[in-house]
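Following full-length UniProt numbering, the numbering of the sequence shown begins with 1 at its first residue and continues without gaps. The structure appears right after this line, and notes come after that.
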Amino acid sequence: DKGTDDTDQPEQKVLLPDEILNVFKHISREDCWRLGFNEQFSRPEWMILTVLPVPPPPVRPSISFNESQRGEDDLTYKLGDILKANINVQKLELDGSPQHVIQDIEKLLQYHVATYMDNDIAGQPQALQKSGRPVKSIRARLKGKEGRIRNNLMGKRVDFSGRTVISGDPNLELDQVGVPLSIARTLTYPEIVTPYNIDRLTQLVRNGPNEHPGAKYVIRDNGTRIDLRYSKRTGDIQLQYGWKVERHIVDNDPVLFNRQPSLHKMSMMAHRVKVMPYSTFRLNLSVTSPYNADFDGDEMNLHVPQSEETRAELSQLCAVPLQIVSPQSNKPCMGIVQDTLAGVRKLTLKSTFIEYDQVLNMLYWIPEWDGIVPPPTIIKPKPLWTGKQVLSMAIPSGIHLQRFDDGTTMLSPKDNGILIIDGKIMFGVVDKKTVGSSSGGLIHVVTREKGPYVCASLFGNIQKVVNFWFLHNGFSIGIGDTIADEKTMREITESIAVAKQKVEEVTKEAQANLLTAKHGMTLRESFEDNVVRFLNEARDKAGRSAEVNLKDLNNVKQMVSAGSKGSFINIAQMSACVGQQSVEGKRIAFGFADRTLPHFSKDDYSPESKGFVENSYLRGLTPQEFFFHAMGGREGLIDTAVKTAETGYIQRRLVKALEDIMVHYDGTTRNSLGNIIQFIYGEDGIDASHIEKQSIDTISGSDAAFEKRYRIDVLNPEHGLNPALLESGSEILGDVKIQAILDEEYKQLLKDRSFLRKVFVDGENNWPLPINIRRIIQNAQNTFKIDRTRPTDLTIPEVVNSVKELHSKLLVLRGRSEILKEAQENAITLFSCLVRSRLACRRVVEEYRLNRETFRWVLDNIESQFLRSVV
1 DKGTDDTDQP EQKVLLPDEI LNVFKHISRE DCWRLGFNEQ FSRPEWMILT VLPVPPPPVR
61 PSISFNESQR GEDDLTYKLG DILKANINVQ KLELDGSPQH VIQDIEKLLQ YHVATYMDND
121 IAGQPQALQK SGRPVKSIRA RLKGKEGRIR NNLMGKRVDF SGRTVISGDP NLELDQVGVP
181 LSIARTLTYP EIVTPYNIDR LTQLVRNGPN EHPGAKYVIR DNGTRIDLRY SKRTGDIQLQ
241 YGWKVERHIV DNDPVLFNRQ PSLHKMSMMA HRVKVMPYST FRLNLSVTSP YNADFDGDEM
301 NLHVPQSEET RAELSQLCAV PLQIVSPQSN KPCMGIVQDT LAGVRKLTLK STFIEYDQVL
361 NMLYWIPEWD GIVPPPTIIK PKPLWTGKQV LSMAIPSGIH LQRFDDGTTM LSPKDNGILI
421 IDGKIMFGVV DKKTVGSSSG GLIHVVTREK GPYVCASLFG NIQKVVNFWF LHNGFSIGIG
481 DTIADEKTMR EITESIAVAK QKVEEVTKEA QANLLTAKHG MTLRESFEDN VVRFLNEARD
541 KAGRSAEVNL KDLNNVKQMV SAGSKGSFIN IAQMSACVGQ QSVEGKRIAF GFADRTLPHF
601 SKDDYSPESK GFVENSYLRG LTPQEFFFHA MGGREGLIDT AVKTAETGYI QRRLVKALED
661 IMVHYDGTTR NSLGNIIQFI YGEDGIDASH IEKQSIDTIS GSDAAFEKRY RIDVLNPEHG
721 LNPALLESGS EILGDVKIQA ILDEEYKQLL KDRSFLRKVF VDGENNWPLP INIRRIIQNA
781 QNTFKIDRTR PTDLTIPEVV NSVKELHSKL LVLRGRSEIL KEAQENAITL FSCLVRSRLA
841 CRRVVEEYRL NRETFRWVLD NIESQFLRSV V
């Protein structure tokens, strides 16, 4: 319409699709590119439909009810509507109908095309079937979790899988899985007949499908399949090389075992089959941690690989022993758990002695036992062995471990901390800190020193020995373990009464308007903060009284000490006082009429009214305490359910964003398009599972202590080395050339020290770095039996130059370009500082007393382990 004189509106015109199409077609290549279109994948004119592709019948199959009736798919109906509307438009145009009628039919055609593709357009009524159900459009078929992409293409169902309830079996090896006989007879592996297995496979074919181990099918080389269920004469089948026999799965077949939700790579691991009676999958107790499994009804899935390549992949990449140390936190993700953990602590107490007959029985449970009974610790009045001695038999030789707790000395009268030398426990009680999944514990050290398979057998050895002893020693828990004595009960009641008194006082202060608000809090918040603090202190004090007065023989206390189950708070709540219940981080809020429950008066701020449970679980809760306790518990359940959904969705988005990123053979981290994300994985190129926390000795300590530890001055006898330490000791005194080498080394150490102190301002000197150098040096001293009284045959230039040479061999990246050199230098900066601080000349000669052979062994070991740890 033309604008009237007073309003200056431009003329409006309806643009028809073919006019727009014409404009779009004439947009040049350059303009397309400037607009952000990639000509190869999209041009502007493609936005306007001129033709509609019709999907073939498999996409929209019809259902036959009987001979005459059949129901068509939603899409077929919709296509019919589009055709009818299109024919109507043409017909009306030919008949010369008025324009507004044609426009209505055109709009109807547009509506049908739009709802055929997307029937959930905002502001548009949905297209309905005759039954009144909305039509399922193309978009609905593709979109979301139940759509074509996520449900059918990315999420497939598989054959050769089994699922059943899981239960524990303490006699299985770490990497075994007990498979029910019925499942082993159902799942098969297609084994190709060769000269090496033809006799075995012939026997399996004769056994048939119902006897285990047997076979279900024989597949000839031309692809025809013989079903052994219906084959009359299985004994007459002559196998030929190249045929396939689909045999039952048997012991030691590698299979993939999985528990959902699969949150990390350790949720799917390869186990060795052990065919067993009954109907559950059985697994070793220690492997439950990475699966987050328990035996209260959990089910797990088992997948059988169907080719030699897949079997090789499983056994070389996914096997349980290879997953013991997790790259997620640079420490083991499995450890000794449950009864074995409680038992191992009890077995290694200094008061545990074992008699001859039981020692012999225990030694039979160690697979690697060499048949020699160790000499007893006590000979008179009768021979007795300590628990530490027998447990040491399960630990491989050549393992050295030391951990000092508060007050531990090398004689350790308290028997705390731990010292293991050459696989023998010298002192210390073995508990969760030692055999749990902790960094630097026994599991970690054995994996690093002896390899994953020795570590896997260590799990089995410890479990078998300890469980056998524990079975005969006995351990149970009952209500008596939660009952405190009279004196303790008095202390508990007193501490709660004192806290209630304090709360009353602070309430009176608040009522008299004598309270002062704390910093950043309102008066009411300050009052609540004080009350909660008093009540929590009371609970903790009562709990401490209960814990201190429980005897060491108390079974709950034993489990808490071992780390197998329970904690201080559990003891406190069972025996002393359950404590304050909270909802949304506050005390129980008032409901109607300014009270928490109808059983209290208005505006009652006392501990009882606001959810303080002063009884213990042993004494039992009053009805109102029980109700408040249930309120706190309900919140926990809701929270768990909500968090699970939220974290699950966050993880899915993260996985989708990162799933195509991997480390390539040139050391770079790239996505599927080849774009570089990092030049070196993690900026240091090291596989996280090879990393351990280590202290760099050059950071801490005073300058004087640093000089005393690292500086050698052969020109000044006061700062020089003791000449008796070196075979060439007397020759180097006053040697200027040697001093120049030493000065250069010391300057480098000073440079490291100032650099590290600048970077790590807080003085923290415990950093995750590859290869435990301290352990390599300890192993060298023990393996080569270093005699600390003899002078070393090393020379000073040899030590300094060898360490420099080692530095040049530690290659994360190989190449000559300047960028690569700089990246390589950045990658090993910290590790080089560690090596120089540990292998400084003075320390090698004076502290470690290494000879030439041992020193070379240490350097070679560092080099080979470093190259192995590069990702």
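Here a beta-carbon is modelled for each residue, glycine too, at the ideal position from N, C-alpha and C.
If you check the beta carbons only, do Thr234 and Val205 fall under 7 Å apart?
Within the sequence shown, the letter at position 234 stands for residue 234. Within the sequence shown, the letter at position 205 stands for residue 205. Going by C-beta atoms, Thr234 is nearer than 7 Å to Val205.
Roughly how many whole angstroms lie between the Cα atoms of Lys331 and Gly451?
By one-based count along the sequence shown, residue 331 stands at place 331. By one-based count along the sequence shown, residue 451 stands at place 451. Cα-Cα distance, rounded: 14 Å.
Within the segment 338 to 383, ranges of the alpha helix (DSSP H) (whole runs, at least 4 residues):
338 to 347 and 356 to 363
Check Met426 in the structure and name its three-state DSSP category.
Position 426 of the sequence shown, counting from 1, holds the residue named residue 426. In the structure shown, Met426 sits in a strand (DSSP, three-state: E or B).
Tell me whether Ala215 sits in a helix, a strand or coil according to DSSP, three-state version.
As a first step, residue 215 must be located in the sequence shown, where it is residue number 215. Correct three-state label for Ala215: strand.
From Asp603 to Glu525, what distance separates their C-alpha atoms?
Translated into positions along the sequence shown, residue 603 becomes position 603. Translated into positions along the sequence shown, residue 525 becomes position 525. Each residue's Cα considered, the two are about 16 Å apart.
Contacting residues, own chain, Cβ-Cβ under 8 Å from residue 899 (five flanking each side not counted)
Nothing can be reported for residue 899: it is not among the residues displayed for the chain, which extend from 1 to 871.
Can you give me the start and stop residues for the alpha helix (DSSP H) that Ser182 sits inside?
Translated into the one-based positions of the sequence shown, residue 182 becomes position 182. Its alpha helix (DSSP H) spans residues Leu181 to Thr186.
Please check the pair Tyr116 and Ile87, which I expect to be a contact at CB under 8 Å, by giving their CB distance rounded to whole angstroms.
As a first step, residue 116 is located in the sequence shown; it is residue number 116 there, counting from the start. As a first step, residue 87 is located in the sequence shown; it is residue number 87 there, counting from the start. Not really, about 16 Å apart at Cβ, beyond 8 Å.
Could you give the distance in angstroms between the alpha-carbon of Pro305 and the alpha-carbon of Val663?
On the sequence shown, position 305 is the one that residue 305 refers to. On the sequence shown, position 663 is the one that residue 663 refers to. Straight-line Cα distance between these residues: approximately 26 Å.
Could you tell me how far apart the beta carbons of Phe349 and Val429 are, in whole angstroms, since I believe they sit closer than 8 Å?
Counting from 1 along the sequence shown, the entry for residue 349 is found at position 349. Counting from 1 along the sequence shown, the entry for residue 429 is found at position 429. The question names Phe, but residue 349 is Leu in the sequence shown. At roughly 6 Å, the Cβ-Cβ gap stays under 8 Å, so Leu349 and Val429 are in contact.
Any heavy atom of the ligand ZN closer than 6 Å to the Cβ of Asn207?
Of ligands this structure carries none, so the ligand ZN is not represented either.
Rounded straight-line distance, which links the Cα of Gly611 to that of Ile638:
Position 638 of the sequence shown holds residue 638. Position 611 of the sequence shown holds residue 611. When rounded, the distance between both Cα atoms is 19 Å.
I think Leu109 touches Val135, with their Cβ atoms under 8 Å apart; what is that distance to the nearest whole Å?
In the sequence shown, residue 109 corresponds to position 109, counting from 1. In the sequence shown, residue 135 corresponds to position 135, counting from 1. Wrong, their Cβ atoms sit about 16 Å apart, outside the cutoff.
Nearest by alpha-carbon distance to Ala576: which of Asn549, Ser97 and Asp594 is it?
Numbered from 1 along the sequence shown, position 576 holds the residue referred to as residue 576. Out of Asn549, Ser97 and Asp594, Asn549 has the C-alpha closest to the C-alpha of Ala576.
Contact set for Phe65: own chain, Cβ-Cβ below 7 Å, skip 5 residues either direction
To locate residue 65, count along the sequence shown from 1; it is residue 65. Counting only Cβ-Cβ distances below 7 Å, and skipping sequence neighbours, we find Gly71.
Would you mind stating whether Asn258 and Asn301 have Cβ atoms separated by less than 7 Å?
By one-based count along the sequence shown, residue 258 stands at place 258. By one-based count along the sequence shown, residue 301 stands at place 301. Cβ distance < 7 Å, so Asn258 and Asn301 count as in contact.
Under DSSP, the alpha helix (DSSP H) around Phe628 begins and ends at which residues?
Taking the sequence shown and counting its residues from 1, one reaches residue 628 at position 628. Here the alpha helix (DSSP H) through Phe628 covers Pro623 to Leu658.
At the level of alpha carbons, what is the spacing between Asn292 and Gln260?
The sequence position of residue 292 within the sequence shown is 292, counting from 1. The sequence position of residue 260 within the sequence shown is 260, counting from 1. Taking the straight line from one Cα to the other gives about 9 Å.
Can you tell me which of Gln40, Asp73, Thr516 and Ile776 puts its alpha carbon nearest to the alpha carbon of Pro56?
The residue given as residue 56 occupies position 56 in the sequence shown. Measuring from the Cα of Pro56, the nearest candidate turns out to be Asp73.
When the Cβ atoms of the segment 173 to 187 are set against those of the segment 281 to 288, are three or more pairs found closer than 8 Å?
yes
My output table needs one value for Asp227: the three-state DSSP class, helix, strand or coil.
On the sequence shown, residue 227 is found 227 positions in, with the first residue counted as 1. Strand at Asp227.
Buried or exposed: which applies to Leu391, given that a residue is buried once 16 or more other Cβ atoms fall within 10 Å of its Cβ?
Position 391 of the sequence shown, counting from 1, holds the residue named residue 391. Flag for Leu391 reads buried.
The segment 659 to 678 contacting the segment 723 to 734, beta-carbon criterion three pairs below 8 Å
no
How do the segment 531 to 550 and the segment 572 to 592 stand: do at least 3 beta-carbon pairs fall below 8 Å, yes or no?
yes
Beta-carbon contacts of Glu584 that lie in its chain and below 8 Å, excluding the five residues immediately before and after
Mapped onto the sequence shown, residue 584 falls at position 584. These residues qualify, in order along the chain: Glu635.
Round the Cβ separation of Arg838 and Arg774 to the nearest angstrom and send it over; I've been treating them as touching at under 8 Å.
As a first step, residue 838 must be located in the sequence shown, where it is residue number 838. As a first step, residue 774 must be located in the sequence shown, where it is residue number 774. Rounded, the Cβ-Cβ distance is 7 Å, consistent with contact.
Enumerated in chain order, which unbroken segments of the alpha helix (DSSP H) with a length of 4 residues or greater are wholly contained in the segment 709 to 769?
729 to 732 and 736 to 759
With C-beta atoms as the reference, is Gly667 less than 7 Å away from Leu813?
Within the sequence shown, residue 667 is the residue found at index 667, counting from 1. Within the sequence shown, residue 813 is the residue found at index 813, counting from 1. It is a contact, given that the beta carbons lie within the stated cut-off.
Going by DSSP, which residues form a beta bridge with Leu401?
Along the sequence shown, read from residue 1 onward, the residue named residue 401 stands at position 401. Answer is Ile420, bridged to Leu401.
Find out if the Cβ-Cβ distance for the pair Leu401, Val445 is shorter than 7 Å.
Translated into positions along the sequence shown, residue 401 becomes position 401. Translated into positions along the sequence shown, residue 445 becomes position 445. Cβ atoms of Leu401 and Val445: closer than 7 Å.
Would you list the one or two residues that DSSP bridges to Thr164?
By one-based count along the sequence shown, residue 164 stands at place 164. Met300.
What alpha helix (DSSP H) runs, 4 residues minimum, are completely inside the segment 24 to 101?
29 to 35 and 74 to 95
Could you please give me the residues that DSSP links to Ser326 through a beta bridge?
What you label residue 326 is simply residue 326 of the sequence shown in a count that begins at 1. Bridge partners of Ser326: Lys331.
Does DSSP put Ile336 in a helix, in a strand, or in coil?
Indexing the sequence shown from 1 puts residue 336 at position 336. DSSP places Ile336 in coil when its eight states are reduced to three.
With a threshold of 8 Å, are at least 3 pairs of Cβ atoms found where one atom belongs to the segment 305 to 317 and the other to the segment 430 to 437?
no
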